[in-house]
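Scroll down for the structure; my scribbles are underneath it.
In the working numbering, the protein residues as written are 17 to 139.
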């Protein structure tokens, strides 16, 4: 491992292994159950945690393998938001390079949430 001349830690999304991507696609197409998807996520997380431990990476993270996107789990705890399927591109900030790249590739953003009322914490 290369020692950097500054302090940096990675927390967040890691590239998903092919078998997990396949399980997520199958789940979206209702070809596997919630339990089967969770098992695939657990297997992938167990592997990536071990890999980080073996490489001496700190802090250890799940790679966000059990989320759709990095903010997954946040909006689900709030009233006043709803997830939208097939949102039109004019809802997005196309000046952001990742969004522009998705549009250019003919792909969709993995999760779109819009405000539809007063925002409040559910608990």
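Ideal Cβ placement from N, Cα and C applies to all residues, glycine included. Remember, it's a predicted structure, so these values are computed and weren't measured experimentally.
Query                                                                                                                            : Result
Whole-angstrom C-beta distance between residue 137 and residue 94, which should lie under 8 Å                                    : 6 Å
Beta-carbon spacing of residue 96, residue 135 below 8 Å                                                                         : yes
Endpoints, beta strand (DSSP E) assigned at residue 95                                                                           : 94 to 99
Near the ligand MN: residue 40 beta-carbon under 7 Å from a heavy atom                                                           : For the structure depicted, the ligand MN is absent and the ligand set is empty, with no information on it obtainable.
Straight-line Cα distance separating residue 30 from residue 82                                                                  : 11 Å
Whole-angstrom distance between residue 130 and residue 121, CA atom to CA atom                                                  : 23 Å
Length of the line joining the Cα atoms of residue 80 and residue 57                                                             : 9 Å
Beta-carbon contacts of residue 61 that lie in its chain and below 6 Å, excluding the five residues immediately before and after : 78 and 81
Reduced DSSP category for residue 135 - H, G, I as helix; E, B as strand; rest coil                                              : strand
C-alpha distance - residue 25 paired with residue 132, whole-angstrom precision                                                  : 36 Å
CB contact flag (residue 65, residue 76, <8 Å)                                                                                   : yes
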